[in-house]
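A.B. asks: Have a look at this one before I ask anything.
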Amino acid sequence: MTEIKVHLQEVESSLDELKRKIGELNTNHSHPSFPVSSLDFITKIKAMEDLYYQIVTDYKNTLLHIESDVRRHIENLAETDRNIAKKMTI
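In the UniProt record's numbering, the protein residues as written are 1 to 90.
See below:
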């Protein structure tokens, strides 16, 4: 029979590190100032930058959601394991 061993301290440590690194992602829009120009290039650059920051923000939120889900599932697995162990000792 296959056995799954989860080292909770290692998993929680890794998840804490992931959450810390997610927090370090810079999602603050810098809003660089460009001189007034009639060139469409500057407008396109600003639009690309806005899109970039939106994507990074969405990515960061997705990572936070995944980290939360993994933490919850690991806790459920550990609780189920404890319950099974109790039933086996009875």
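Ideal Cβ placement from N, Cα and C applies to all residues, glycine included.
Please name the residue, chosen from I84, K87 and I66, that lies closest to L15 on a Cα-to-Cα basis.
C.D. replies: The shortest Cα separation from L15 among I84, K87 and I66 belongs to I66.
A.B. asks: For L63 and I4, which I take to be in contact (beta-carbon distance under 8 Å), what is that distance rounded to the nearest angstrom?
C.D. replies: In fact, because the Cβ distance is near 24 Å, the residues do not count as touching under 8 Å.
A.B. asks: With the cut-off set at 8 Å, would you say V56 and T27 are in Cβ contact?
C.D. replies: Cβ distance < 8 Å, so V56 and T27 count as in contact.
A.B. asks: Would you mind working out which of D40, V36, D69 and H31 sits nearest L51, comparing C-alpha positions?
C.D. replies: For the residues D40, V36, D69 and H31, the minimum Cα distance to L51 belongs to H31.
A.B. asks: Within the same chain, show all residues whose beta-carbon is closer than 6 Å to that of I74, passing over the 5 residues directly before and after it, in chain order.
C.D. replies: Excluding residues within five positions, the ones whose Cβ falls inside 6 Å are V11.
A.B. asks: By DSSP, does R11 sit in helix, in strand, or in coil?
C.D. replies: Here the sequence assigns Val to residue 11, which means Arg is not the residue at that position. Residue state, collapsed to three classes: helix.
A.B. asks: Measure the C-alpha to C-alpha separation of L39 and L8 and round it to an integer number of angstroms.
C.D. replies: Each residue's Cα considered, the two are about 56 Å apart.
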